[in-house]
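Written below as structure tokens is the structure these notes are about.
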Amino acid sequence: MADRLDKFISENSGLTRSEAKKALASGRVTVNGAVCKKGETKVSESDRVTLDGNGLKVIGQVYILLNKPAGVLSATEDTRDRTVLDLLKEDPEIRESCPRNGLFPVGRLDKDTEGLLIITNDGVLSHNLLSPAKHVEKEYLAVCDGELAKDAADRFAEGIQVGEEYKAKPAKLTVVSENENECTLKIVLTEGRFHQVKRMCHEVGVEVRYLKRIRFGELVLPEDMPVGAMKFIDKKEITG
Ligand code: URA
Numbered sequence: 000m001a002d003r004l005d006k007f008i009s010e011n012s013g014l015t016r017s018e019a020k021k022a023l024a025s026g027r028v029t030v031n032g033a034v035c036k037k038g039e040t041k042v043s044e045s046d047r048v049t050l051d052g053n054g055l056k057v058i059g060q061v062y063i064l065l066n067k068p069a070g071v072l073s074a075t076e077d078t079r080d081r082t083v084l085d086l087l088k089e090d091p092e093i094r095e096s097c098p099r100n101g102l103f104p105v106g107r108l109d110k111d112t113e114g115l116l117i118i119t120n121d122g123v124l125s126h127n128l129l130s131p132a133k134h135v136e137k138e139y140l141a142v143c144d145g146e147l148a149k150d151a152a153d154r155f156a157e158g159i160q161v162g163e164e165y166k167a168k169p170a171k172l173t174v175v176s177e178n179e180n181e182c183t184l185k186i187v188l189t190e191g192r193f194h195q196v197k198r199m200c201h202e203v204g205v206e207v208r209y210l211k212r213i214r215f216g217e218l219v220l221p222e223d224m225p226v227g228a229m230k231f232i233d234k235k236e237i238t239g
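At position 42 of the sequence shown the residue is numbered 41 (numbering that gives the first Met the number 0), and the sequence of numbers has no breaks.
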């Protein structure tokens with residue numbers, strides 16, 4: 000399918016549409032070997048387009064695994080806070096190989112939650128991962144203050160009542176360590192409601208102090224991946 004050259008460049012390089020127009024105007028772009036300065040030129044996949052001498056390929060669908068740091072919003076843009084897409088733009092290697100438009104995080108982690116977040120432009124995959132009907136597991140590590148109710152794991156397994164609003168789907172709770180003041184838990188959910196882990200923990204007597212997502216479906220957060228790090232991954236690593 001033929002597309003405008005300025006659009007093709009911004010979709011398949013780290014440049015915005017206006018940066019692409021400037022690159023064109025300054026002669027940094029060639030089409031099939033000849034410098035081309037006209038953004039409206041129609042190009043298709045069979046044309047060889049270069050930017051600063053480097054061939055541009057159709058980027059297509061991308062999948063990025065981010066170990067989200069606390070303090071960053073799981074959103075595409077925000078007027079006040081840094082978002083996970085801002086983090087992508089700040090990483091030169093990722094920025095260069097990502098389309099500038101159409102990327103979004105798959106679901107949300109709270110601002111103060113760390114851990115596994117997938118960023119993609121694949122709407123179908125995102126729908127399949129988030130659809131309640133698909134029961135995709137999400138696993139969290141939660142460090143909590145307080146004394147855990149003795150029957151917490153059973154209540155999670157049955158489906159715990161959260162406030163007056165809803166009964167959660169059955170979930171797995173494993174105690175990693177505990178004493179009378181605090182505990183570390185692993186929790187596996189198949190839903191993704193607002194503050195769900197925090198609210199479910201509250202129902203069994205403890206308050207989450209630190210929360211990290213460590214698995215989403217088949218995809219496990221590597222233990223040695225630093226907080227804030229990101230990398231391209233293969234779709235198969237997510238879907239199995
Ligand atoms: N549950 C929460 O409470 N917060 C998150 O960020 C994710 C799940």
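Backbone N, C-alpha and C define an ideal beta-carbon position, used for all residues, glycine too.
For residue j and residue i, believed in contact at Cβ under 8 Å, the rounded distance
i           : j           : result
residue 4   : residue 37  : 7 Å
residue 138 : residue 187 : 5 Å
residue 30  : residue 22  : Contact flag wrong, Cβ pair sits at about 13 Å.
residue 191 : residue 66  : 18 Å between Cβ atoms; not a contact.
residue 116 : residue 213 : Contact flag wrong, Cβ pair sits at about 12 Å.
residue 120 : residue 102 : 5 Å
residue 205 : residue 144 : 6 Å
residue 167 : residue 158 : 6 Å
residue 93  : residue 229 : 6 Å
Spatial distance of residue i from residue j (CA atoms)
i           : j           : result
residue 83  : residue 62  : 14 Å
residue 107 : residue 43  : 36 Å
residue 165 : residue 97  : 39 Å
residue 215 : residue 70  : 21 Å
residue 86  : residue 18  : 20 Å
residue 135 : residue 142 : 23 Å
residue 185 : residue 131 : 21 Å
residue 210 : residue 201 : 13 Å
residue 7   : residue 154 : 53 Å
residue 234 : residue 49  : 27 Å
residue 53  : residue 78  : 34 Å
residue 219 : residue 2   : 38 Å
residue 183 : residue 80  : 29 Å
residue 189 : residue 56  : 37 Å
residue 104 : residue 128 : 12 Å
residue 170 : residue 181 : 21 Å
Under the three-state DSSP convention, the category residue i falls into
i           : result
residue 242 : Residue 242 lies beyond the residue range present for the chain, which begins at 0 and ends at 239; the question has no answer from this structure.
residue 127 : helix
residue 155 : helix
residue 54  : strand
residue 5   : helix
residue 21  : helix
residue 49  : strand
residue 104 : strand
residue 242 : Residue 242 lies beyond the stretch modelled for the chain, which goes from 0 to 239, so this question has no answer here.
residue 137 : strand
residue 113 : strand
Sheet register partners of residue i (DSSP bridge)
i           : result
residue 33  : 30
residue 160 : 166
residue 63  : 118, 231
residue 14  : Bridge partners of residue 14: none, in fact.
residue 41  : 3
The ligand GTP heavy atom lying under 6 Å from the CB of residue i
i           : result
residue 195 : Although the ligand GTP was asked about, the structure shown includes only the ligand URA as ligands.
**Request:** Would you list, in sequence order, the uninterrupted beta strand (DSSP E) runs of no fewer than 3 residues that lie entirely inside the region 164 to 235?
**Result:** 171 to 177, 181 to 188, 205 to 215, 229 to 231
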